[in-house]
Amino acid sequence: MSQNAGAEVVLRLDRITKSFGALRANDAVSLTLRRGEVVALLGENGAGKTTLMNILFGHYVADEGVVEVFGAPLPPGNPRAALAAGVGMVHQHFTLAGNLTVLDNIRLGTESLWSRWHAGAREKVQRLSRDFGLAVHPDAKVGRLSVGERQRVEILKALYRDARVLILDEPTAVLTPQESEALFATLRKATALGLSIIFISHKLHEVMAIADRCVVLRHGRVVGEVDTHATDKAALAALMVGGELSLPRAEARAPGPVLMQLDAVSTPDRGAAPGLKAVRLSLRAGQITGLAGVSGNGQAALAEIVAGLALPGSGAISLRGSPVARWSPGEALARGVARIPEDRHHQGSIADFDLTENAVLEGYKTRFSRRGWMNWRAARGFAEGIIRDYDVRCPGPETRIRLLSGGNMQKLILGRAMAPGPEIILANQPVRGLDVGAIAYVQGQLIAARDRGAAVLLISEDLDEIMGLSDVIHVMSQGRLSPGFARGTMTAAELGLWMAGQKFGDSDAA
Ligand SMILES: Nc1ncnc2c1ncn2[C@@H]1O[C@H](COP(=O)(O)OP(=O)(O)OP(=O)(O)O)[C@@H](O)[C@H]1O
Ligand SMILES: [Mg+2]
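For the sequence shown, our numbering gives the first residue as 1, with consecutive numbering after it.
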């Protein structure tokens, strides 16, 4: 029994059912949340977690079922009523206004920004910041904040409106490990003060660390409910996918020739983000090159160079031994470089385009157009092929991509990148936000691409992923690249020292 077993029930979802056309996203889902409790909501991509939370918060109206907050039923489809009843939601995608200050964002929607009497507001925000350990300056412009800081603003906003129940939909998907730790400290303070939390995450170690209880959804149904201290990661993973599952491991293999080479490539710093510092990197055929490091250490700059989105400030790029003269995204694609972008929502897709349009984004359009005319029939066939081969679960190619769950969206982007049989694959955080089954699938595809002779550059913050897949590992820190370490020659602890920058010499000051 959970330690909160006797506490007051603050939230009750009773037999919630919701269908989208023929798809039953939630099927008679019931869930209770008690005062001071953290309940983790788990399930594969597309299991129905976000849909359930959207119903709770009034964004969607359930076909059947009731939501009760503090014993009173909530009127369906009314976010204001949910807010007034004390439910606060921190969305998977933030909803803040970048041109306003932190304080104004927090006040937005609750009081007039023209009112000059916001001294009380400022004090309240400062008090909440202090009590919950949410450091952020009230007068900072939100557009200039890091992702972690923006999330703190979202949480402050909910707390400012006196939320008693906080819903966090994959809050750590966009955070560095350090930011996640800070978030957990905040959540522990919140529950100690009597708040209750629904926490959605695919990262089982986080769930084990923060949740009292786990509710597991599969295909829209509750398939399990367990106290965290009575379970473990393997059991939770098995509940989620309905069986045992193990991640693929790449076996060692002899590499082929160098397909892409960067020589002494440097790029300018961008604000707090370091540029590249004389990076030398060889990507070989039949090899997965892993790039480890805490994000924000130059990985984005390196990815842009490889994909043709940026040019080196100095240094040279060569392909198969010849220096490239022109370099652009179109050029990179034409020369066999495919990209799985880091942020599938903002860099990888256009939310309101359908799957066909998204499948031919990013220069792939040229493959389907002649003399400026788009061959939509061929494009649609291409999309249908990806949907079939990569098991994208959706009603069809005319579905708007924003309606897909994270995992299905990633499969489409993966399929788009892999379909032309690229020689060089840039896989930037390819499994972020994916469930265990989808992770195994995506990683298996990367290994298969390597085995047919592609050069894969895998950028990931997850050391287990890097160590499991990579033939060679480099570490990035402050824009510098470590030497390449062959598979199995380094421990996680040794890589960690490189990640912390302690192993790099000081000679690079020049
Ligand atoms: N507005 C909508 N119209 C049509 N289908 C939808 C809509 N919203 C969600 N779906 C579908 O309902 C199912 C459940 O989606 P949901 O977003 O709730 O999954 P999830 O568990 O949050 O997944 P993830 O872990 O990838 O975020 C998916 O198949 C999704 O494509
Ligand atoms: Mg979701």
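By construction, the Cβ of each residue, glycine as well, lies at the ideal position given by its N, Cα and C atoms.
Give a yes or no on whether the C-beta atoms belonging to residue i and residue j are separated by under 7 Å.
| i | j | result |
| --- | --- | --- |
| residue 349 | residue 358 | yes |
| residue 405 | residue 45 | yes |
| residue 88 | residue 163 | yes |
| residue 317 | residue 262 | yes |
| residue 48 | residue 217 | yes |
| residue 290 | residue 458 | yes |
| residue 24 | residue 7 | no |
| residue 12 | residue 32 | yes |
| residue 50 | residue 169 | yes |
| residue 259 | residue 423 | yes |
| residue 561 | residue 438 | Lying outside 1 to 510, the shown extent of the chain, residue 561 is not represented and no answer is given. |
| residue 472 | residue 499 | no |
| residue 83 | residue 142 | no |
| residue 38 | residue 52 | no |
| residue 435 | residue 415 | no |
| residue 313 | residue 268 | yes |
| residue 166 | residue 210 | no |
| residue 4 | residue 212 | yes |
| residue 257 | residue 447 | no |
| residue 479 | residue 308 | no |
| residue 354 | residue 400 | yes |
| residue 469 | residue 288 | yes |
| residue 73 | residue 66 | yes |
So which of the options has the shortest CA-CA distance to residue i?
| i | options | result |
| --- | --- | --- |
| residue 465 | 477, 431, 496 | 431 |
| residue 91 | 142, 109, 152 | 152 |
| residue 156 | 204, 102, 184, 220 | 102 |
| residue 105 | 138, 387, 439 | 138 |
| residue 426 | 339, 220, 373 | 339 |
| residue 254 | 201, 415, 286 | 286 |
| residue 278 | 301, 251, 213, 209 | 301 |
| residue 306 | 488, 329, 503, 293 | 329 |
| residue 333 | 209, 100, 120, 419 | 419 |
| residue 180 | 167, 203, 53 | 203 |
| residue 240 | 251, 230, 226 | 226 |
| residue 381 | 503, 398, 311 | 398 |
| residue 491 | 501, 503, 467, 478 | 467 |
| residue 214 | 42, 460, 183 | 42 |
| residue 460 | 343, 336, 387 | 343 |
| residue 133 | 190, 495, 208 | 190 |
| residue 18 | 236, 61, 184 | 61 |
| residue 270 | 256, 250, 310, 167 | 310 |
| residue 40 | 207, 120, 389 | 207 |
| residue 374 | 360, 383, 386, 384 | 360 |
| residue 148 | 120, 186, 126, 483 | 186 |
| residue 456 | 428, 231, 275 | 428 |
| residue 135 | 222, 144, 183, 341 | 183 |
| residue 223 | 445, 236, 502 | 236 |
With a threshold of 7 Å between beta-carbons, can residue i be considered close to chain D, or not?
| i | result |
| --- | --- |
| residue 468 | Here chain D cannot be found, since the structure has a single protein chain. |
So is the beta-carbon of residue i under 6 Å away from any non-hydrogen atom of ligand 1?
| i | result |
| --- | --- |
| residue 300 | no |
| residue 45 | yes |
| residue 405 | yes |
| residue 20 | yes |
| residue 25 | yes |
For ligand 2, is there any heavy atom lying closer than 6 Å to the beta carbon of residue i?
| i | result |
| --- | --- |
| residue 49 | yes |
Worksheet item: Of all the alpha helix (DSSP H) runs that stay within the bounds of the stretch 101-178, which reach a length of 4 or more residues?
Response: 102-107, 119-132, 147-160
Worksheet item: Where are the alpha helix (DSSP H) runs, 4 residues long or more, that stay fully inside the stretch 191-226, in chain order?
Response: 204-210
Discussion item. Report the start-end ranges of each beta strand (DSSP E) in the stretch 288-375 that is 3 residues or longer and not cut off at the edges.
Written reply: 314-319, 337-340
Worksheet entry | beta strand (DSSP E) runs contained entirely in the stretch 44-80, provided each spans 3 or more residues | 64-69
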